[in-house]
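Taking it in order: structure first as structure tokens, then the write-up.
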Amino acid sequence: MRRSNVAFKSKIGRRIAFPSRNHNYLLSFFFFFVTIVQTLFSMMSRRRRREPCAIEVANSKEDDEFLENYIQKSDGALTEWASTWRHPSSGIEYNLSLTRSALMSAGDLTACLDMIDLTSRENYRNSSVGWDRDVKLKEMKSPDLRYILVKDDAGAIAAFTSLMPTYEEGQPVVYCYEIHLLDQVRGTGLGKLLLGYLFNAAANMPPVDKVMLSCFVANTGARAFYDKMGFETDDISPRSRKLRGGRTREPDYLILSCAIGQRLRDQQAQPPRGGGGASHDGHARGLAGEDRASRLDKVGK
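Every letter in the sequence shown is one number past the one before it in the working numbering, and letter 36, counting from 1, is 36.
Below you can see the structure in the form of structure tokens.
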């Protein structure tokens, strides 16, 4: 008696034949197995979506929670948080506060923008980015940005830094968008103190393990300050580019990063040596272009 065969084509294109008397059982088992696998993958996918990452958790916190959990937290903290800071020479006392960009007053935002204009306008103008107050103000209002403001008793801002937990080319980092100080508080250790709070945030936010920022090449004073703080050129920093005719185009800004390791902890334990007067050049996010080659078009700092 001739035995007939039943064939079907699987998803990977192979033709599989089964004896007719067994094919119902085998097909049922096969599709049952596929259904189980698909269900498991679907459950795992939904579970991943339900569990926000550390960056999302940090950005969802209110300011008081963010301050308590990431900057004031004792275990892992590199720099002790203080709500006041006293000028070492003049004795003038300043107040420190942390606030999300959306909660900043229009006056405080304008004061911070004016400080960037005062300390960094020429670096912008001499770069491929150029200076545009409206573009910078839009960036400063990014919803996940938080500001640490340093104000005198009259409420005038003498220094500030802005930070954001984010991903930079796949790396979880605390990004320092801006750090600017007026002349009267430079060289006092205040810049080191403000960066120290960003190190605290990174240390208390695993898997984040570095603080990152960008710096104009022309801003040699800021670069020297960052070198002292342990920053190095990051792997994602723009590199020299060979042009037609053999010319070389050098980048006008660098991406710097500092790993939160024992070396940094030891460095932070040392007494201040000044150098707090650097004006940071901001962050390259939020302007035109998304790939590595377009970074020069989105320095925006």
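The C-beta atom is built at its ideal place from N, Cα and C for all residues, glycine as well.
Endpoints, the beta strand (DSSP E) within which ASN95 is located: 93-100
Start and end residues, beta strand (DSSP E) containing SER60: No beta strand (DSSP E) contains SER60, which is instead part of the alpha helix (DSSP H) from 54-60.
- request: Look up MET115 in the DSSP assignment and say whether it is helix, strand or coil.
  value: helix
query: Alpha carbon to alpha carbon, how far is MET164 from SER128?
result: 24 Å
Nearest-angstrom Cβ-Cβ length linking VAL96 and ILE148, presumed shorter than 8 Å: Strictly speaking, residue 96 in this sequence is Leu, with Val absent from that position. Correct: roughly 6 Å between the Cβ atoms.
- prompt: Does PHE30 come within less than 9 Å of chain D when only Cβ atoms are used?
  reply: Among the chains in the structure shown there is no chain D, since it carries only a single protein chain.
Closest by C-alpha distance to PRO206, when choosing among THR166, MET104 and VAL185: THR166
field: Beta-ladder partner(s) of HIS180, from DSSP
entry: PHE160
field: DSSP-derived helix/strand/coil call for PHE231
entry: coil
message: Below 8 Å, how does it come out for the stretch 130-146 and the stretch 78-96: are there three or more Cβ pairs, yes or no?
response: no
task: Reducing DSSP to helix, strand and coil, say where GLU65 ends up.
output: helix
query: Less than 9 Å separating the beta-carbons of LYS192 and CYS258?
result: no
field: N-terminal and C-terminal residue of the alpha helix (DSSP H) that VAL135 is part of
entry: 133-140
message: Just to confirm, is the Cβ distance from ILE116 to GLU178 under 9 Å?
response: yes
task: State the CB to CB distance for the pair LEU198 and THR233, rounded to an integer number of angstroms; the pair is presumed to be in contact (CB under 8 Å).
output: That belief does not hold up - the Cβ atoms of LEU198 and THR233 are roughly 18 Å apart, past 8 Å.
task: Quick one: give me the first and last residue of the alpha helix (DSSP H) that LYS192 is part of.
output: 190-203
query: Can you tell me whether DSSP reads ARG247 as helix, strand or coil?
result: coil
task: Provide the residue span of the beta strand (DSSP E) that contains ARG85, from first to last.
output: At residue 85 the sequence reads Trp, which differs from the Arg that was named. Taken as a continuous stretch (DSSP letters only), the beta strand (DSSP E) holding TRP85 covers 84-86.
Own chain residues within Cβ distance below 6 Å of PRO172, not counting five before or after: ILE55, PRO207 and VAL208
query: When DSSP labels each residue in this structure, what does GLN38 get in the three-state scheme?
result: helix
field: Simplified DSSP assignment, three categories, for THR110
entry: helix
query: Is the distance from the Cβ of MET229 to the Cβ of GLU168 below 9 Å?
result: no
- prompt: Helix, strand or coil for VAL185 per DSSP?
  reply: helix
query: Looking only at DSSP bridge pairs, what is PHE216 linked to?
result: TYR253
query: Between the Cα of ALA58 and the Cα atoms of ALA202, SER89, GLY155 and ILE236, which residue gives the shortest distance?
result: ALA202
message: Once DSSP output is grouped into helix, strand and coil, what is the label at LEU149?
response: strand
message: Between which residues of its own chain and LEU113 is the CB-CB distance below 8 Å, once the five residues before and five after are set aside?
response: ARG133, LYS136, LEU137 and MET140
- request: Pick helix, strand or coil for GLU122, following the three-state DSSP scheme.
  value: helix
Three-state secondary structure assigned by DSSP to SER127: coil
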